[in-house]
Every structure is written in structure tokens, then in C-alpha cells.
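Asker: Take this structure first; my questions come after.
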Amino acid sequence: MARKPMMAGNWKMNNTIGEAVVLAQNISNNYDDRWEDQVDVAVCPPYVDLKPVKTVFEFDRVPCAVGAQNVFWEPSGAYTGEISVPMLAEIGCAWCIVGHSERRIYFGETNEDVNKKARALLDGGINPIVCVGESLAVRDEGTTIEFVCAQVRAAFAGIAPEQARRAVVAYEPIWAIGTGRTATPEQAQEVCSAIRGQLGEMFGAEAAEAMRVLYGGSMNVGNAALLLAEPDIDGGLIGGASLQADSFVALVQACL
Ligand code: PEP
């Protein structure tokens, strides 16, 4: 089954509202008619930028979705500083990243938290981008596949196959994020294929074939083509290279 590729930008904690609007406008100015049918494009700015960025894309009628970088699983209540799924849904977020390694490392996000977030998002009509990936220590130990598959099992525990299909998994080796050291296409393919195998065990082969697995970790215009040519890599989750319109648009074009 042919899967529609996806290119998503993770802006992390970058861009004030003014900067975000300029970047969104620059992406929108370079929009290609083929995006609509041939690739899912999304940017994930900081919370405060979501509505202004969404407004730019809506005004320009550009098929570029917005996503959040995190969410809390409760719908409302005394959770100071948190943002809920209904809040993101009202803005029109189509996507939300969960389990990014920076959240796991700096904010103590556990596999159980990732699962609660993914479930709340799916129940609330937002598609999760579930991030998994090993540290250099795990890779050196030779246990990458077991480690990543355990993260996938935990993230998707208790989720029904018809809901799981809406999620995307992003394989992001921690040692490749923001380091300029990309996984080789063979390394990335090996893990993305194992992720698909794990999804198949949980949700059946047909669902696993339909689900998208992205690669993230220093993906750029120079290395994207070879990564995207691998059979189990269906697109990218892009950090640094998504902060400039020209490099992000070039990565989207690489999916066409
Ligand atoms: C990320 O943080 O999701 C990421 C892939 O970052 P970078 O592209 O900068 O390595």
C-alpha cells in the first residue's frame, strides 16, 4: 500500500509570534500545488504561535497543518501551566508531538505519560506524532531494536487499531538530534522496519502497512533523498532545518 509521505517541522522553543508569522508566510509563499494530494505538511510551533501560524495558512489557503509539541491528558482543571486537548482542538491543531526525547530527558516524561497523551489526543480528534528513539549508550549496547519496540508498545498500549492508524511514529535516535550526525539510511531503515513490525504485532499487518513511520535527527536537504528512498521511512520530523523556510520547503519537495 502506498503511504502518503509526511514532512513535519518541530520548531521547538523558537520563534516569537512575529517571527513565527514571518516564517509561516515564507513557507506559504513557496507552496506547491502538489502538496495538497501528495504530501502531508505540518509545522509544530510553540503554543503561543499556533493560532497566528494557523491563521496565516488559512488566509493563504495553503495545505499546511499545525501541530503542538506537547499536551496534557486531562481535559481541564487545576494543572497550572498545562494545555489540554480541547484547547488545541479549538485552535485547529491536526497534530501533536508526544514523547519527544527532549521532553523525556528534560521534563521526565515517561512511557506511561506518552501513552496517556496519545490516548487523550486520539479521543479528542488530534493525531499524535509519537517519538521514539535510543540513546548512544543503548545503540552501543546493541539493544536498539528491543528498546525502541518497547517504547512503541508502551506508547500504544490500550489503543484500538482504528485509532492507532491515525497516529504517526517518528523514529528519532537521540544521538542524531541536533548533532549534525544523521543515522545512515540503513540504520534508520532497520529501526523503522522493526517499528512497523511491532505495530503489525499490535494492530495487524494491514494497519501497520497503512501507518506512517518518520525519521528525525539532523535530516536536511543533503541527506533527505537517501533516507526517504528507504521502504519504511515515510517522511521526516525536522528540527533545525525547519526553522528556515527554504530548507523546510526543500524537504517537503523531496517527498514529491
Ligand atoms: C527533532 O528535534 O525532532 C529533530 C529531528 O531535530 P533536528 O532535525 O535538529 O536534529
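Quick note on the numbering used here: the sequence shown kicks off at 3 and runs consecutively. Where a beta carbon is used, it is the ideal one built from N, C-alpha and C, also for glycine. These figures come from a predicted structure and were not determined experimentally.
#1: Counting C-beta neighbours from all protein chains within 10 Å, is the total for S244 16 or more, i.e. buried, or is it exposed?
#2: On the criterion of 16 or more Cβ atoms from any shown chain inside 10 Å, does G69 qualify as buried, or is it exposed?
#3: Starting from the Cα of E21, find the closest Cα among P48, D34, V43 and K6 and give me that residue.
#4: In whole angstroms, what is the alpha-carbon distance linking E104 and N16?
#5: Would you check whether ligand 1 has a heavy atom nearer than 7 Å to the C-beta of I179?
#6: By DSSP, does I128 sit in helix, in strand, or in coil?
#7: So, are the CB atoms of P187 and L228 less than 8 Å apart?
#8: Mind checking who G110 pairs with in its DSSP beta bridge?
#9: Does at least one heavy atom of ligand 1 sit under 7 Å from the Cβ of N32?
#10: Helix, strand or coil, according to DSSP, for D248 in the structure here?
#11: Does the Cβ of I99 have 16 or more other Cβ atoms within 10 Å, making it buried, or fewer, making it exposed?
#12: Under the criterion of a Cβ to heavy atom distance below 7 Å, does L239 qualify as lining ligand 1?
#13: Mapping the DSSP letters down to three states, classify G144 as helix, strand or coil.
#14: For A256, which three-state DSSP category applies?
#15: Is DSSP giving D35 helix, strand or coil here?
#16: Cβ atoms of R198 and D234: under 8 Å apart, would you say?
#17: Against chain C, with Cβ distances strictly below 8 Å, would P175 count as a contact?
#18: Look up G206 in the DSSP assignment and say whether it is helix, strand or coil.
#19: When you measure from the CB of G135 to every non-hydrogen atom of ligand 2, does any distance come out below 7 Å?
#20: Quickly, what does DSSP pair W97 with across the bridge? List them, please.
#21: For ligand 1, is there a heavy atom less than 7 Å away from the beta-carbon of S78?
#22: With DSSP as the reference, identify every bridge partner of L216, one or two as the case may be.
#23: Using only alpha-carbon positions, find the residue among L216, V251, A166 and A178 that is nearest to P7.
#24: Looking at V87: is its Cβ nearer than 8 Å to the Cβ of V132?
#25: Under the DSSP definition of a beta bridge, which residues are partnered with V50?
Answerer: So, from the data block:
#1: Numbered from 1 along the sequence shown, position 242 holds the residue referred to as residue 244. It is buried - the Cβ of S244 has at least 16 other Cβ atoms within 10 Å.
#2: Translated into the one-based positions of the sequence shown, residue 69 becomes position 67. When all chains shown are included, G69 counts as buried.
#3: Indexing the sequence shown from 1 puts residue 21 at position 19. For E21, the nearest C-alpha among the options comes from P48.
#4: Counted from its first residue, the sequence shown places residue 104 at position 102. Counted from its first residue, the sequence shown places residue 16 at position 14. Straight-line spacing of the CA atoms in E104 and N16 works out to 14 Å.
#5: As a working note, residue 179 is residue 177 in the sequence shown. At least one heavy atom of ligand 1 is nearer than 7 Å to the Cβ of I179, so yes.
#6: Locating residue 128 in the sequence shown gives position 126, where the first residue counts as 1. It is coil, neither helix nor strand.
#7: Numbered from its first residue, the sequence shown carries residue 187 at position 185. Numbered from its first residue, the sequence shown carries residue 228 at position 226. Yes; because the gap between Cβ atoms is below 8 Å, this pair is in contact.
#8: Translated into the one-based positions of the sequence shown, residue 110 becomes position 108. For G110, which the question treats as bridged, DSSP gives no partner whatsoever.
#9: Start at 1 with the first residue of the sequence shown, and residue 32 comes out as number 30. No - ligand 1 has no heavy atom lying nearer than 7 Å to the Cβ of N32.
#10: Position 246 of the sequence shown, counted from the first residue, corresponds to residue 248. Here D248 sits in helix by DSSP.
#11: Here residue 99 refers to the residue found at position 97 when the sequence shown is read from its first residue. With 16 or more other Cβ atoms within 10 Å, it is buried.
#12: Here residue 239 refers to the residue found at position 237 of the sequence shown. L239: yes, Cβ under 7 Å from ligand 1.
#13: As a first step, residue 144 is located in the sequence shown; it is residue number 142 there, counting from the start. The answer is coil: DSSP assigns G144 none of H, G, I, E or B.
#14: By 1-based counting over the sequence shown, the position of residue 256 is 254. DSSP places A256 in coil when its eight states are reduced to three.
#15: Within the sequence shown, numbered from 1, the residue matching residue 35 stands at position 33. In the structure shown, D35 sits in coil (DSSP, three-state: anything other than H, G, I, E or B).
#16: On the sequence shown, position 232 is the one that residue 234 refers to. On the sequence shown, position 196 is the one that residue 198 refers to. In this structure, R198 lies closer than 8 Å to D234 by Cβ.
#17: Of the protein chains in the structure, only one exists, and it is not chain C.
#18: Sequence index remark: in the sequence shown, residue 206 carries index 204 (1-based). If DSSP states are grouped into helix, strand and coil, G206 belongs with coil.
#19: With respect to ligand 2, the structure offers nothing, as its ligand set consists of ligand 1.
#20: Position 95 of the sequence shown, counted from the first residue, corresponds to residue 97. G69 and N129, per the DSSP bridge assignment.
#21: For the purposes of this step, residue 78 is identified with residue 76 of the sequence shown, where counting begins at 1. No, Cβ of S78 sits at least 7 Å from all heavy atoms of ligand 1.
#22: Indexing the sequence shown from 1 puts residue 216 at position 214. According to DSSP, L216 bridges with A172.
#23: Residue mapping note: residue 7 aligns to position 5 of the sequence shown, counting from 1. Measuring from the Cα of P7, the nearest candidate turns out to be L216.
#24: On the sequence shown, residue 87 is found 85 positions in, with the first residue counted as 1. On the sequence shown, residue 132 is found 130 positions in, with the first residue counted as 1. Not closer than 8 Å, so no.
#25: Residue numbering aside, residue 50 sits at position 48 when the sequence shown is read from its first letter. Looking at the DSSP output, V50 shares a beta bridge with no other residue.
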